[in-house]
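In our numbering, the protein residues as written are 14 to 397. Here a beta-carbon is modelled for each residue, glycine too, at the ideal position from N, C-alpha and C. As structure tokens, the structure follows; a few thoughts come after it.
Here is the structure:
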């Protein structure tokens, strides 16, 4: 088992608030993590009929577990739970029980957060479990190639890892995910996923996608919204501040797990990946996910003008541009002309060029080349 850094955070959360919601895609390790937190906790999986029966009277069940943690997996399958949970939480708090009443696990992030937030405001904290990060796994090349799903990462070989990801694509991405949203034929879903993999890091054009797939633009938009909600796709928004320039307004699209990108394109080895046109977009998307997992206080965007100024990542904190990042898959990174212009436009507090190496060095008086692990440490919010 790969130790997850979020475990300590959730342990603290459970001491401070009654209910913690942990969201993330299937097979990312939510259940494994939850089972390590409190051996005495009751664990209920709402996909198991026996566990659903145990929770048939949730008010009585949860009141009977006063002073103990209850873990409820696939909680989005019991939407009526939240109003009941509110009453139980309030009574247990009145009795002096501050935190650690329930840990709720689910895949459908936005819907789950909205539903729980409406009824449990002031009683709940939400965390996302992302894929295994560069701070949790030593071999960065394997992490990039295989992605952050623990079972894929720990496969006996690259071939075994690829088979696991291909099985996940078939069973979850193609067969199960569509049940949550627009009903599209399985072949259409497969084609959409492959197209998204080829587009990795490209500008999203919903109309062109819809035309290529032979479906309506509305269906594509609804499906992409679903994939974003399930933490499978990231739509990176453009920075939209006022710098007096004509800005590109379309989001960039990424399949969030690099291993899924490579499985969709049948790239079983690092050599195969390095020889494929997607290599740059894949590395860019992988770094962006490391950035996203390392800080939760800033807004993540990209910057591009129609004149060619560009930054792969812009992080805003406190209403100002804090950090600007260019991502280069080169052992000898340099700054592009577009990035130099972006720095002049945005005037960030700090700026970096991220590359595959580990040495940190200055490119200019204001820009440093940096490896992904050290970047993640830099981005941990320091209050500045």
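Would you mind reading off the limits of the beta strand (DSSP E) that contains residue 119? 115-119
At 4 residues or longer, and completely inside the stretch 274-319: list those alpha helix (DSSP H) runs for me, N to C. Whole alpha helix (DSSP H) segments, 4+ residues: 283-287 and 292-307.
Is it right to say residue 375 is buried, meaning 16 or more other beta carbons lie within 10 angstroms of its own, or is it exposed? exposed
Residue 373 versus 360, 390, 359 and 361, residue with shortest Cα-Cα distance: 390
Rounded separation between residue 336 and residue 61 - CA only: 45 angstroms
Check whether the Cβ atoms of residue 13 and residue 268 sit closer than 7 angstroms, and answer yes or no. The structure shown does not extend to residue 13, since the chain spans only 14 to 397, so no value can be given for it.
Helix, strand or coil at residue 215 [DSSP, three-state]: Three-state result, residue 215: strand.
Classification of residue 192 by the beta-carbon crowding that lies within 10 angstroms, buried from 16 upward: exposed
Tell me where the alpha helix (DSSP H) around residue 95 begins and ends. 94-107
For residue 266, which residues of its own chain have a beta-carbon under 7 angstroms away from its beta-carbon, when the five flanking residues on both sides are left out? If we look at residue 266 and ignore the five residues flanking it on each side, its Cβ neighbours are 209, 212, 215, 217, 246 and 248.
Could you please give the first and the last residue of the uninterrupted beta strand (DSSP E) stretch that includes residue 36? 32-36
Cβ-Cβ distance between residue 274 and residue 304 below 7 angstroms: no
List the residues that DSSP assigns as beta-bridge partners of residue 366. 339 and 382
Using the Cβ count rule (16 or more neighbours within 10 Å means buried), how would you classify residue 165? Sixteen is the threshold: when 16 or more other Cβ atoms of the shown chains lie within 10 Å of the Cβ of residue 165, as they do, the residue is buried.
Cβ pair residue 207, residue 223 closer than 7 angstroms: no
Looking only at DSSP bridge pairs, what is residue 329 linked to? 312 and 334
Beta-bridge partners of residue 323, as assigned by DSSP: 317
Tell me whether residue 333 is buried or exposed, calling it buried when 16 or more other Cβ atoms sit within 10 Å of its Cβ. exposed
Can you tell me which of the three DSSP states residue 375 falls into? In the structure shown, residue 375 sits in a strand (DSSP, three-state: E or B).
Start-to-end residues for the alpha helix (DSSP H) that takes in residue 43: Under the DSSP assignment, residue 43 falls in the alpha helix (DSSP H) whose first and last residues are 43-50.
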